[in-house]
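Visitor: All the letters of the sequence shown, read from the start, carry residue numbers 6 to 463 under this note's numbering.
By construction, the Cβ of each residue, glycine as well, lies at the ideal position given by its N, Cα and C atoms.
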Amino acid sequence: MARIDEPQDPLFQAINTSLGFDRRLWREDIRGSIAHARGLERAGVLDAAERDRLISGLEAVGAEIESREFDFERGDEDIHMAIERRLTELVGPLGGKLHTARSRNDQVATDVALHVRGRATEARLLIASLMERLLELATEHDSDPLPGYTHLQRAQPVYLGHHLLAYFWMLRRDARRFEQVLEAAEEMPLGSGALAGLNFELDRETTAEELGFARPAPNSIDAVSNRDFVLDFLYAASACATHLSRIGAEIVLWSSSEFGFCEPDPGFSSGSSIMPQKKNPDAAELLRAKAPRITASLTTLLGVTHALPLAYSKDLQEDKPALFAAADELELALRVAERMLRGLRFDTERMASAAADDLPAATDVADMLVERGMPFREAHGIVGDLVRLAVETGRGLAELTPDELAERSELLDERYFELLGDRGWLESKRSPGGTSSAALAAQIDRATAALGELRSEP
Ligand code: ARG
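1. Return yes when the C-beta of arginine 109 is under 8 angstroms from any heavy atom of the ligand ARG, and no when it is not.
2. So, is serine 302 buried or exposed, given that buried needs 16 or more other C-beta atoms within 10 angstroms?
3. Taking the beta strand (DSSP E) that glutamate 448 belongs to, which residues open and close that run?
4. Near glutamate 206, what residues of its chain come up, given a Cβ to Cβ distance below 8 angstroms and the 5 sequence neighbours on each side ignored?
5. Heavy atom of the ligand ARG less than 8 angstroms from the Cβ of aspartate 227, yes or no?
6. In this structure, how does DSSP classify methionine 379 when only helix, strand and coil are distinguished?
7. Can you tell me the Cα-Cα spacing of aspartate 147 and lysine 319, whole angstroms?
8. Which one of Ala199, Gly253, Thr115 has the shortest CA to CA distance from alanine 189?
9. Where does glutamine 17 land, buried or exposed, given buried means 16+ other C-beta within 10 angstroms?
10. According to the Cβ coordinates, are alanine 288 and alanine 254 closer than 9 angstroms?
11. Between alanine 403 and leucine 425, what straight-line distance do the alpha-carbon atoms span, to the nearest angstrom?
12. Considering only the alpha carbon of each residue, which of Arg107, Ser250, Val235 lies closest to asparagine 204?
13. May I have the straight-line CA-CA distance separating leucine 59 from alanine 87, to the nearest angstrom?
14. At a threshold of 8 angstroms, does serine 230 count as lining the ligand ARG (C-beta to nearest heavy atom)?
15. Name, in chain order, the residues that DSSP records as bridge partners for glutamine 112.
16. Quick one: measure Cβ to Cβ for leucine 1 and lysine 283, integer angstroms, because I've assumed they're closer than 8 angstroms.
17. In the DSSP assignment, find the unbroken beta strand (DSSP E) run with arginine 159 in it and report its ends.
18. Identify, in the order they occur along the chain, each residue of the same chain with its Cβ nearer than 7 angstroms to the Cβ of alanine 201, setting aside the five sequence neighbours on each side.
19. Please name the residue in Ala160, Arg159, Tyr164 whose C-alpha comes closest to that of glycine 439.
20. Taking the alpha-carbon of phenylalanine 77 as reference, which of His120, Val117, Arg29 has the nearest alpha-carbon?
21. Contact check, leucine 315 vs alanine 242 under 8 angstroms by CB: the rounded distance?
22. When every heavy atom of the ligand ARG is checked, does at least one fall within less than 8 angstroms of the C-beta of leucine 203?
23. Using only CA atoms, which one of Pro152, Ala228, Pro12 lies nearest to alanine 79?
24. Using only the alpha-carbon positions, how far apart do serine 442 and proline 152 sit?
25. Where does proline 15 land, buried or exposed, given buried means 16+ other C-beta within 10 angstroms?
26. Strictly by DSSP, which residues pair up with threonine 155?
27. Could you tell me the distance, in whole angstroms, from the CA atom of glutamate 354 to the CA atom of phenylalanine 381?
28. Apart from the five residues on each side of it in sequence, which residues of its chain come closer than 7 angstroms, Cβ to Cβ, to alanine 222?
29. Any heavy atom of the ligand ARG inside 8 angstroms of the beta-carbon of tyrosine 317?
30. CB of glutamine 112 to nearest heavy atom of the ligand ARG: below 8 angstroms?
31. Who are the Cβ neighbours of arginine 232 in its own chain at under 7 angstroms, not counting the five residues just before and after it?
32. Verify the contact flag: histidine 167, CB atom, against every heavy atom of the ligand ARG, threshold strictly below 8 angstroms.
33. Mapping the DSSP letters down to three states, classify serine 275 as helix, strand or coil.
34. With a threshold of 8 angstroms on Cβ separation, who are the neighbours of alanine 395 within its own chain once the five nearest residues in sequence on each side are excluded?
35. For arginine 464, does the count of other Cβ atoms within 10 angstroms reach 16, so buried, or fall short, so exposed?
36. From the DSSP output, which residues share a beta bridge with glutamate 1?
This is the structure we're talking about:
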């Protein structure tokens, strides 16, 4: 039988080590270890002087890592071992006492949970900034019409502010999802040991409180094998990135000469090396393209945890590359989206003229007739006739003559021209949540309140 102290094969080390990526957990690891040292003192395992020496040692290790003076060694399998090794070098054999009543299994789960809490909080803040930008733009453009689309066909005109706020509410849901992530990561794994619990009676409540958790996790087996909070984070990140891809895609489309609805900030787009007239919306294109990578992290971790027997298995080490990559990409994308929107110039005249085509107002004319007592079927027939006449004679609906209208129904009087007049049919969309100026003003108020709420929550 192979002896346990036989040297490890370098290829084994290559697949087994996680230091290359988990060194990013050093802050969480040191924080967790300091709280653990305090817990050990409360349990009587350490005396107060030992506790304090361990804490100063841990702080010294942290300072070395922060200032990049820390020498990682070949034998350091992961960040937890590296920190403990260095601590022992600094404080002597006492360093070996820190790992009493702890396993790397509950230690790493705790570090990852702390990390997820930090990244979810950051994502929420960045989302709030982007929402603020959208709200600002929406307020600025609360009376600029553009065509609204279905099937990418011009459907009904809306105000640009209304259109932009659609993204605001998507992001509000994303922020909520990150709040749920904070909840999913509010139970502290530390104190679960390898899987079965500890031979020591640690005061986990206090440690949990010190680390910002709501309470200790109730089941040691679940605690060391649970990565649901990472999955939740990855889903929230995927949904959010997918929303950003929709904003990106729309800006790409709108920046084309065919649409000509907006122009990217020159400082935020690239030119072409051979076509000097071009200004490419690269940032928007990349926002469009980022989501799949983030979603890939979600499917990676779903795959890693699929059918995984209880409790801890090394498979779980793969949670971190997925988490870090997704969080990094999302934070970048959120920052870029905010900056990109800040510099975007809308061509509101071009939007308005695209929205001026009044054939899409046919439904509104029918609704007006219905409101005045005509059965909808009859109204539909009459309006169909008007649309045919307008198309055949190359005119808009507003250009039909009073006589032509009166021939078809006496209800087609001056109200018809009011409806089709400037902004008339945008303003007719007055249901709450609709595009009319009054409804939009109410929506802007709601959005302002929602953002205030988001900002005031911890
Ligand atoms: N590097 C490991 C991880 O990231 C730490 C836990 C190791 N636990 C163990 N029993 N080998 O998951």
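Guide: Taking the definition as stated:
1. Position 104 of the sequence shown, counted from the start, is the residue given in the question as residue 109. True, at least one ligand heavy atom lies under 8 angstroms from that Cβ.
2. Taking the first residue of the sequence shown as position 1, residue 302 is located at position 297. When all chains shown are included, serine 302 counts as buried.
3. Here the question's residue 448 lines up with position 443 in the sequence shown. The residue you asked about is not glutamate; residue 448 is glutamine in the sequence shown. Run containing glutamine 448: none in the beta strand (DSSP E); it sits in the alpha helix (DSSP H), 442 to 461.
4. If you number the sequence shown from 1, residue 206 lands on position 201. Closer than 8 angstroms at the Cβ level, and outside the excluded window around glutamate 206, lie Ala48.
5. Locating residue 227 in the sequence shown gives position 222, counting from the first residue. Aspartate 227: no, Cβ never under 8 angstroms from the ligand ARG.
6. Working through the sequence shown from its first residue, we reach residue 379 at position 374. Coil at methionine 379, not helix or strand.
7. For the purposes of this step, residue 147 is taken as residue 142 along the sequence shown, with counting starting at 1. For the purposes of this step, residue 319 is taken as residue 314 along the sequence shown, with counting starting at 1. Approximately 54 angstroms, taken between the alpha carbons.
8. The sequence position of residue 189 within the sequence shown is 184, counting from 1. If we check each option's Cα against that of alanine 189, Thr115 comes out closest.
9. The count along the sequence shown starts at 1 and reaches residue 17 at position 12. In the sequence as displayed, the identity of residue 17 is phenylalanine instead of glutamine. So phenylalanine 17 ends up on the exposed side.
10. Residue numbering aside, residue 288 sits at position 283 when the sequence shown is read from its first letter. Residue numbering aside, residue 254 sits at position 249 when the sequence shown is read from its first letter. In this structure, alanine 254 does not lie closer than 9 angstroms to alanine 288 by Cβ.
11. The sequence position of residue 403 within the sequence shown is 398, counting from 1. The sequence position of residue 425 within the sequence shown is 420, counting from 1. Roughly 6 angstroms separates the two Cα atoms.
12. Position 199 of the sequence shown, counting from 1, holds the residue named residue 204. Per the Cα distances, Arg107.
13. Translated into positions along the sequence shown, residue 59 becomes position 54. Translated into positions along the sequence shown, residue 87 becomes position 82. One C-alpha to the other measures close to 15 angstroms.
14. The residue given as residue 230 occupies position 225 in the sequence shown. No - the ligand ARG has no heavy atom lying nearer than 8 angstroms to the Cβ of serine 230.
15. One-based indexing of the sequence shown puts residue 112 at position 107. DSSP, once it has assigned bridges, lists no residue as partnering glutamine 112.
16. Nothing about residue 1 can be reported from this structure: the residues present for the chain run from 6 to 463 only.
17. Residue mapping note: residue 159 aligns to position 154 of the sequence shown, counting from 1. That run of the beta strand (DSSP E) goes 158 to 164.
18. Numbered from 1 along the sequence shown, position 196 holds the residue referred to as residue 201. Correct list, in chain order: Ser225.
19. Position 434 of the sequence shown holds residue 439. Residue Tyr164 is the option with its Cα nearest to glycine 439.
20. For this step, residue 77 is matched to residue 72 along the sequence shown. Checking every option, the nearest Cα to that of phenylalanine 77 belongs to Arg29.
21. Residue mapping note: residue 315 aligns to position 310 of the sequence shown, counting from 1. Residue mapping note: residue 242 aligns to position 237 of the sequence shown, counting from 1. Not confirmed; about 27 angstroms, so no contact.
22. One-based indexing of the sequence shown puts residue 203 at position 198. Answer for leucine 203: no, Cβ out of range of the ligand ARG.
23. On the sequence shown, residue 79 is found 74 positions in, with the first residue counted as 1. It is arginine, not alanine, that sits at residue 79 in the sequence shown. Ranking Pro152, Ala228, Pro12 by Cα distance to arginine 79 puts Pro12 first.
24. Counting from 1 along the sequence shown, the entry for residue 442 is found at position 437. Counting from 1 along the sequence shown, the entry for residue 152 is found at position 147. The straight-line gap from Cα to Cα measures roughly 16 angstroms.
25. Sequence index remark: in the sequence shown, residue 15 carries index 10 (1-based). Proline 15 should be labelled exposed.
26. Taking the first residue of the sequence shown as 1, we reach residue 155 at position 150. Bridge partners of threonine 155: Gln158.
27. Position 349 of the sequence shown holds residue 354. Position 376 of the sequence shown holds residue 381. Rounded to whole angstroms, glutamate 354 to phenylalanine 381 spans 35 angstroms at the Cα level.
28. Residue 222 sits at position 217 when you count from the first residue of the sequence shown. Contacts found: Glu192, Met193, Pro194, Ser197, Ala228.
29. As a first step, residue 317 is located in the sequence shown; it is residue number 312 there, counting from the start. Tyrosine 317 Cβ: within cutoff of the ligand ARG.
30. Locating residue 112 in the sequence shown gives position 107, where the first residue counts as 1. Flag set: Cβ of glutamine 112 near the ligand ARG.
31. Position 227 of the sequence shown, counted from the first residue, corresponds to residue 232. Cβ within range, chain order: Leu306, Thr310, Leu321, Asp324.
32. Locating residue 167 in the sequence shown gives position 162, where the first residue counts as 1. The answer is no for histidine 167.
33. Taking the sequence shown and counting its residues from 1, the one referred to as residue 275 is at position 270. It is a strand residue.
34. Mapped onto the sequence shown, residue 395 falls at position 390. Leu364, Gly401, Leu402, Glu404, Leu405, listed in sequence order.
35. In the structure displayed, the chain extends from 6 to 463; residue 464 sits before or after that span and is not available.
36. Because the chain spans 6 through 463 in this model, residue 1 falls outside it and cannot be assessed.
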